[in-house]
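Here's the structure, in structure tokens; my notes come after.
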Amino acid sequence: ATAITKSYRNTQNVRRFLIRECGDAFRFDRPFMAWLKDGVEKTMGDAADEWLRRQAEKPKAQFS
């Protein structure tokens with residue numbers, strides 16, 4: 001597993017990996033980027049899981 005270190009950067013390779021793992025809807029946002037760089041040891045797989053978890057928690061638009 002690829003570790004996310006202090007020198008982590010949001011490169012095109014990172015974006016490609018996360019789009020592959022999370023789908024075409026993947027986007028970086030400030031809260032997610034802050035989570036990536038919070039100093040807690042994590043892997044790229046953890047990052048994909050966290051992004052998907054955050055998306056699942058977002059309220060769905062409701063149309064009546």
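Reminder that position 21 of the sequence shown reads as 21 in the working numbering, one-by-one numbering, no gaps.
The beta-carbon is built from N, C-alpha and C at its ideal position, and this holds for glycine as well.
These figures come from a predicted structure and were not determined experimentally.
Subject >> Of the residues Lys42, Gly39, Thr11, the one placed nearest Phe28, counting alpha carbons only >> reply: The shortest Cα separation from Phe28 among Lys42, Gly39, Thr11 belongs to Thr11.
(request) Answer with yes or no whether the minimum CB distance from Ala25 to chain B is below 7 Å. (result) Included in the structure is just one protein chain, with no chain B present.
- request: Could you tell me which of Lys37, Met44, Lys6 sits nearest to Phe17, measuring between CA atoms?
  value: For the residues Lys37, Met44, Lys6, the minimum Cα distance to Phe17 belongs to Met44.
#### Entry: Buried or exposed (CB count within 10 angstroms, at least 16 for buried), Ala34
Residue environment for Ala34: exposed (fewer than 16 other C-beta atoms within 10 angstroms of its C-beta).
*Report the three-state DSSP secondary structure of Ala34 (helix, strand or coil).*
Here Ala34 sits in helix by DSSP.
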